[in-house]
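For the sequence shown, our numbering begins at 94 and goes up steadily by one.
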Amino acid sequence: MPDPNLPNILLGSDQVDNVRRDMVRQGIASDDSKSGSKFGIDATRERLYRLLDISVEDNNPRTDSIVRDIDILLQVDAGKSVGWDGEGVCGAVEFFETAIGGRKVVGERHTDVKSYRDPKTVLNWMIHEMLGQLALRKIPFFQSPISAETLGEIIDAVESEKITNTNGKYLLRHILDMEPINAPRSRTIEAEPMSSLEPSNLSVSDLIEKLGLAKSSSSPEIDSWCEQAIEELPTAVQSVRSGKASVIMALVGKVMRISKGKADAVLAKETLLRKIEELDGSGT
94 MPDPNLPNIL LGSDQVDNVR RDMVRQGIAS DDSKSGSKFG IDATRERLYR LLDISVEDNN
154 PRTDSIVRDI DILLQVDAGK SVGWDGEGVC GAVEFFETAI GGRKVVGERH TDVKSYRDPK
214 TVLNWMIHEM LGQLALRKIP FFQSPISAET LGEIIDAVES EKITNTNGKY LLRHILDMEP
274 INAPRSRTIE AEPMSSLEPS NLSVSDLIEK LGLAKSSSSP EIDSWCEQAI EELPTAVQSV
334 RSGKASVIMA LVGKVMRISK GKADAVLAKE TLLRKIEELD GSGT
């Protein structure tokens with residue numbers, strides 16, 4: 094019911110429009126000429142749809158999968174907590190927008206989100222790899238030792254083919270297992286950007302070098318790994334020679350295990366096929 098000690102406040106239409114535009118700039122509201130203004134979670138969902146360049150009307154499995162991932166992201170974001178002094182904690186949506194390289198905290202507002210990493214790739218890594226590994230270890234999202242910038246650097250290493258996808262996932266698990274659980278990540282007016290909250294003194298590049306995770310395209314190494322795989326899986330080799338082409342992937346998988354994820358899978362497949370053809374030519 095109305096508080097008798099508080100007088101009515103009359104706002105002009107210009108003031109209301111200014112507030113609405115300010116909320117749109119802050120990302121807590123959207124303004125669509127067709128559907129009108131949206132606020133709260135609906136505005137956030139619409140902003141994510143635009144970032145990921147999808148429409149719920151697309152009616153294809155790929156879009157349906159992304160929509161489900163967005164729903165998970167929003168559910169995790171809804172679980173963010175508020176400190177005893179009202180200080181907000183960075184949620185999953187802010188983490189995602191930072192990881193794609195587009196969100197910068199400026200006071201209590203953020204700039205427009207413009208990504209330089211592929212949003213779909215980042216969302217896939219965040220939902221299917223990072224959140225899955227956190228759940229496995231029963232670590233709440235807000236206590237993850239992996240910052241948005243660190244996840245982005247892992248993705249960059251995979252996308253630039255510095256490391257394999259397999260070793261990218263291994264690196265993510267390594268950081269989760271080796272680093273202490275963080276206190277909640279706070280965002281205040283004077284807060285440092287999330288990219289400064291590195292979980293380790295070692296950069297992602299340093300960890301790749303220290304752990305020996307760099308992808309190998311060295312012909313002698315690939316040759317050696319492929320020869321070992323052929324020697325250890327003669328039944329699979331025979332299946333490939335008899336025309337079952339898909340079985341080659343079992344040999345590629347073996348090469349990846351032997352190389353501990355360092356082998357270039359495409360080059361390994363080419364090398365295996367070449368060596369098997371050589372066996373056919375030699376009549377072995």
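For glycine and all other residues, C-beta sits at the position ideal for the given N, C-alpha and C. These figures come from a predicted structure and were not determined experimentally.
Residue pairing by DSSP puts isoleucine 256 in a beta bridge opposite Ala307.
Annotation: glutamate 150 to glutamate 139 spans about 13 Å, alpha carbon to alpha carbon. The continuous alpha helix (DSSP H) containing proline 327 extends over residues 327-334. With a 10 Å radius around the Cβ and a threshold of 16 neighbouring Cβ atoms, aspartate 357 comes out buried. When the alpha-carbon of methionine 223 is set against those of Arg210, Ala192 and Leu326, the nearest one is in Ala192.
In summary, leucine 229 is exposed, with fewer than 16 beta-carbon neighbours lying within 10 Å of its beta-carbon over all protein chains present.
In terms of Cα proximity to arginine 210, the closest of Leu144, Ser158, Ala329 and Pro97 is Leu144. Straight through space, the alpha carbons of serine 240 and phenylalanine 188 are spaced by roughly 8 Å. Considering only Ile159, Asp135 and Gly305, the residue with the shortest C-alpha distance to aspartate 146 is Ile159. Spatial neighbours of aspartate 373 in its own chain (CB-CB distance under 8 Å, excluding positions within 5 residues in sequence) are listed in chain order as Arg334. Between leucine 166 and alanine 185 a beta carbon distance of about 5 Å is seen, short of the 8 Å cut, so the two are scored as contacting. The beta carbons of leucine 360 and serine 310 sit about 6 Å from each other, so the pair counts as a contact at 8 Å. Under DSSP, alanine 356 shares a beta bridge with Ser309. Counting C-beta atoms within 10 angstroms of its own C-beta, methionine 271 has fewer than 16 neighbours from the protein chains shown and is therefore classed as exposed. Exclusion of the five residues before and after alanine 343 leaves Leu326 and Ala329 as the residues of its chain whose Cβ lies within less than 7 Å of its Cβ.
Around the beta-carbon of valine 345, 16 or more other beta-carbon atoms lie within 10 Å, marking it buried.
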